[in-house]
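Below is one structure, written out as structure tokens, with a few remarks after it.
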Amino acid sequence: MSHDIHIIGGGLAGSEAAWQLAEAGFRVRLSEMRGGGDTTPAHQGDRLAEMVCSNSFRSDDGDSNAVGLLHREMRALGSIIMREADATKVPAGSALAVDRELFSRGVTQALESHPNIAIVRERIDTLPGEGLTIVATGPLTAASLAKSIGAATGKDALAFFDAIAPIVYRDSIDMDIAWMASRWDKVGPIGDGKDYINCPMDKDQYHAFVQGLLDGEKTEFKDWEKDTPYFEGCMPIEVMAERGIETLRFGPMKAVGLDNPRTGRWPYAVVQLRQDNALGTLWNMVGFQTKLKHGAQVELFRTIPGLEKAEFARLGGLHRNSFIRSPELLDAQLRLKSAPHIRFAGQITGCEGYVESAAIGLVAARFAIAELTGRSLPPPPAETAIGALLGHITGGADAASYQPMNVNFGLFPPLAEDVRKKDRKLGYTQRAAAKLAEWMKVADGVAA
């Protein structure tokens, strides 16, 4: 079918953008290279909106957490990503985690069955010279298209390394050693306060484990990769271990709030696993992104108490992500300044995180809807989560030092000075709700 807009990339951002435009009545051509003979170093299959690194959308607390607030705003804006996340969620305390297979299947089926969306399994090698376009190819953009983007912008892509955590079969975990609990026994929306598997370590075991991380054989970088930084929010555990012997105990292996029922005390350190699928047969090692070689991973991770006989459905890995210098190259509506018929969305813009990527796809689509209807839509207010994230990407950050970032309250305009510190998070979220309601009246009028 003919189309009103072309979306390149079927990840979370591209899928969300396609849904928003199709729901507004516009015909969408969605190009996705996976399934057409191409793939990426990190993806496992060809479904749309595949979650590569973990199955977690992080906190779902919309009253006191910036990413939880972003969840809430996206639900209000009719997000397909949030709809399918809610439909496929698994117990994860106060976090929103999903069965990633069911999630990507649900998004794929929703888009495949939509009469206004044509999904074409093809690789796009160059930026289109005309016609409204949203580029949402993600951090693993094909080399040919990345070269075309560089030519159009006059700028080489920036890059960082991202890592993937291992997944363990539930029936291979020794529950005579491990136990089920959430930190402080906190009960989530669908959990019971016992949503994580916890593997305890004493001091000697912990120190031996850290030494194993330091000594283990690791993936070697190519010469052109050696100066590429890591994203702080997805740091390999062995890189954290290099920062000091106690670093992991104050990070992913902290035992605070986790009473071992066999001792009645907190262990010296803990390895946590979070449910990865609805059946509860797969569990991922929380915060255990790694660049250790596969053989070294199996050998070391089987020294963790409770995982001595662990069988792995997937081992950890490392991949190089690319993004553009958005504050310099994009305008306030995500248009490429040198070619304003093209918008960018998702992780290629330099936002980090599943929900952040989808949120930028959503707002890119809303801007495109306004353009297609010949109307004007102002950016979401900076006091909202989606507006704060957009503002950071399109001008709030320093272009020279621009790096990927998750949504956080530090991106929001400050509250009044008389707001007490303990009330600030709720102050941010309440103010955001009021501002989003005002903006949605305009946005819904544009889409009508």
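Its first residue numbered 1, the sequence shown is counted upward by one per residue in full-length UniProt numbering. Heads up, the beta-carbon is just placed ideally off N, CA and C, and yes, glycines get one too.
Could you give the distance in angstroms between the alpha-carbon of residue 118 and the alpha-carbon of residue 152?
By one-based count along the sequence shown, residue 118 stands at place 118. By one-based count along the sequence shown, residue 152 stands at place 152. Approximately 27 Å between the Cα atoms of the pair.
Nearest by alpha-carbon distance to residue 312: which of 278, 331 and 273 is it?
Taking the first residue of the sequence shown as position 1, residue 312 is located at position 312. Of the listed residues, the one whose Cα sits closest to residue 312 is 273.
Identify, in the order they occur along the chain, each residue of the same chain with its Cβ nearer than 7 Å to the Cβ of residue 302, setting aside the five sequence neighbours on each side.
Here residue 302 refers to the residue found at position 302 of the sequence shown. Taken in chain order, the residues that qualify are 308 and 310.
Compare the beta carbon distance of residue 411 and residue 73 with 8 Å and say whether it is the shorter of the two.
Here the question's residue 411 lines up with position 411 in the sequence shown. Here the question's residue 73 lines up with position 73 in the sequence shown. Taking 8 Å as the Cβ cut-off, residue 411 and residue 73 do not qualify as a contacting pair.
CB-CB under 7 Å to residue 247, same chain, minus the five flanking residues each way: which ones, in chain order?
Along the sequence shown, read from residue 1 onward, the residue named residue 247 stands at position 247. Here the set comprises 240 and 241.
Spatial distance of residue 294 from residue 276 (CA atoms)
Position 294 of the sequence shown, counting from 1, holds the residue named residue 294. Position 276 of the sequence shown, counting from 1, holds the residue named residue 276. Residue 294 and residue 276: Cα-Cα distance of roughly 20 Å.
Checking the sheet assignment: what are the DSSP bridge partners for residue 95?
Within the sequence shown, numbered from 1, the residue matching residue 95 stands at position 95. DSSP, once it has assigned bridges, lists 59 as partnering residue 95.
My understanding is that residue 93 touches residue 195, with C-beta atoms under 8 Å, so please give their C-beta distance in whole angstroms.
Mapped onto the sequence shown, residue 93 falls at position 93. Mapped onto the sequence shown, residue 195 falls at position 195. 5 Å between Cβ atoms; contact.
In whole angstroms, what is the alpha-carbon distance linking residue 176 and residue 259?
Here residue 176 refers to the residue found at position 176 of the sequence shown. Here residue 259 refers to the residue found at position 259 of the sequence shown. If you take the alpha carbons of residue 176 and residue 259, they lie about 15 Å apart.
Would you list the residues sitting across from residue 200 in a DSSP beta bridge?
Looking up residue 200 in the sequence shown gives position 200. According to DSSP, which records beta bridges pairwise, residue 200 is partnered with 270.
Among the residues of its own chain, which have a CB less than 7 Å from the CB of residue 226, if the five just before and after it don't count?
Within the sequence shown, residue 226 is the residue found at index 226, counting from 1. Reliability fails at residue 226, whose pLDDT of 49 lies under 50, so the model's placement of it is uncertain and the value that follows must be treated cautiously. Closer than 7 Å at the Cβ level, and outside the excluded window around residue 226, lies no residue.
Is it buried or exposed, residue 115, if we count other Cβ atoms within 10 angstroms and call 16 or more buried?
Here residue 115 refers to the residue found at position 115 of the sequence shown. Classification of residue 115: exposed, given that the 10 Å Cβ count is below 16.
Candidates 300, 354 and 76: closest to residue 98 by CA position
The residue you call residue 98 lines up with position 98 of the sequence shown. Here the closest residue by C-alpha is 354.
Taking contact to mean 3 or more Cβ pairs, one atom from each stretch, closer than 8 Å, check whether the stretch 365-375 and the stretch 5-17 are in contact.
yes
Out of 381, 422 and 261, point me to the one whose CA is closest to residue 441's CA.
For the purposes of this step, residue 441 is identified with residue 441 of the sequence shown, where counting begins at 1. Of the candidates 381, 422 and 261, the one whose C-alpha sits nearest the C-alpha of residue 441 is 381.
Residue 416: buried (16+ other C-beta within 10 angstroms of its C-beta) or exposed?
Mapped onto the sequence shown, residue 416 falls at position 416. Answer is exposed; the Cβ neighbour count stays below 16.
Near residue 106, which residues of its chain fall below 7 Å by C-beta distance, leaving aside the five closest residues on each side in sequence?
Numbered from 1 along the sequence shown, position 106 holds the residue referred to as residue 106. If we look at residue 106 and ignore the five residues flanking it on each side, its Cβ neighbours are 84, 87 and 88.
Hey, residue 404 and residue 288: beta-carbon distance below 8 Å or not?
Taking the first residue of the sequence shown as 1, we reach residue 404 at position 404. Taking the first residue of the sequence shown as 1, we reach residue 288 at position 288. The answer is no: Cβ separation not under 8 Å.
For a quick check, are the C-beta atoms of residue 60 and residue 95 less than 8 Å apart?
Here residue 60 refers to the residue found at position 60 when the sequence shown is read from its first residue. Here residue 95 refers to the residue found at position 95 when the sequence shown is read from its first residue. Yes, the pair counts as a contact, with Cβ atoms nearer than the cut-off.
For the beta strand (DSSP E) holding residue 341, just list the boundary residues, first then last.
Numbered from 1 along the sequence shown, position 341 holds the residue referred to as residue 341. Looking at the DSSP string, the run of the beta strand (DSSP E) that includes residue 341 is 339-344.
May I have the straight-line CA-CA distance separating residue 352 from residue 213, to the nearest angstrom?
Position 352 of the sequence shown holds residue 352. Position 213 of the sequence shown holds residue 213. Distance between the alpha carbons of residue 352 and residue 213: 26 Å.
According to DSSP, is residue 390 helix, strand or coil?
The residue labelled residue 390 in the question sits at position 390 within the sequence shown. Residue 390: helix per DSSP, three-state reduction.
Separation of residue 26 from residue 373, as counted between CA atoms
Walking along the sequence shown from the start, residue 373 turns up at place 373. Walking along the sequence shown from the start, residue 26 turns up at place 26. For residue 373 and residue 26, the distance between alpha carbons rounds to 10 Å.
Please report the distance separating the alpha-carbon of residue 137 from that of residue 396.
In the sequence shown, the residue the question calls residue 137 occupies position 137. In the sequence shown, the residue the question calls residue 396 occupies position 396. If you take the alpha carbons of residue 137 and residue 396, they lie about 23 Å apart.
Helix, strand or coil: how does DSSP classify residue 285 here?
Start at 1 with the first residue of the sequence shown, and residue 285 comes out as number 285. Residue state, collapsed to three classes: strand.
What whole-angstrom Cβ distance do residue 12 and residue 385 have, given they're in contact under 8 Å?
Position 12 of the sequence shown, counting from 1, holds the residue named residue 12. Position 385 of the sequence shown, counting from 1, holds the residue named residue 385. Contact flag wrong, Cβ pair sits at about 16 Å.
Does the CB of residue 353 have a neighbour CB from chain D at under 8 Å?
Among the protein chains of the structure shown there is no chain D, as only one such chain exists.
So, residue 375 versus residue 446, is the Cβ gap smaller than 8 Å?
The sequence position of residue 375 within the sequence shown is 375, counting from 1. The sequence position of residue 446 within the sequence shown is 446, counting from 1. Contact flag set, yes.
How big is the Cα-Cα spacing for residue 128 and residue 391?
In the sequence shown, counting from the first residue as 1, residue 128 sits at position 128. In the sequence shown, counting from the first residue as 1, residue 391 sits at position 391. Each residue's Cα considered, the two are about 26 Å apart.
Work out the CA separation of residue 271 and residue 253 for me, nearest whole Å.
If you number the sequence shown from 1, residue 253 lands on position 253. If you number the sequence shown from 1, residue 271 lands on position 271. Between residue 253 and residue 271, the C-alpha separation is close to 5 Å.
Limits of the alpha helix (DSSP H) - the one that residue 108 falls within:
Position 108 of the sequence shown, counted from the first residue, corresponds to residue 108. Per DSSP, residue 108 belongs to the alpha helix (DSSP H) from 100-112.
Sequence-distant residues of the same chain with beta carbon closer than 6 Å to residue 56, five excluded per side
For the purposes of this step, residue 56 is taken as the residue at position 56 of the sequence shown. 95 and 97.
Might you give, ordered along the chain, the residues of its own chain that have their beta carbon closer than 7 Å to the beta carbon of residue 219, omitting 5 neighbours on each side?
Position 219 of the sequence shown, counted from the start, is the residue given in the question as residue 219. The answer, listed in chain order, is 291, 293 and 318.
Can you tell me whether residue 332 is buried or exposed, with buried defined as 16 or more other CB within 10 angstroms of its CB?
As a first step, residue 332 must be located in the sequence shown, where it is residue number 332. Classification of residue 332: exposed, given that the 10 Å Cβ count is below 16.
From this set, 383, 134, 304 and 426, which residue's C-alpha is nearest residue 203's C-alpha?
Here residue 203 refers to the residue found at position 203 of the sequence shown. The shortest C-alpha separation from residue 203 is found at 304.
6 Å CB neighbourhood of residue 326 in its chain, flanking five on each side removed:
Position 326 of the sequence shown, counting from 1, holds the residue named residue 326. Excluding positions up to five away in sequence, the list reads 349, 350 and 393.
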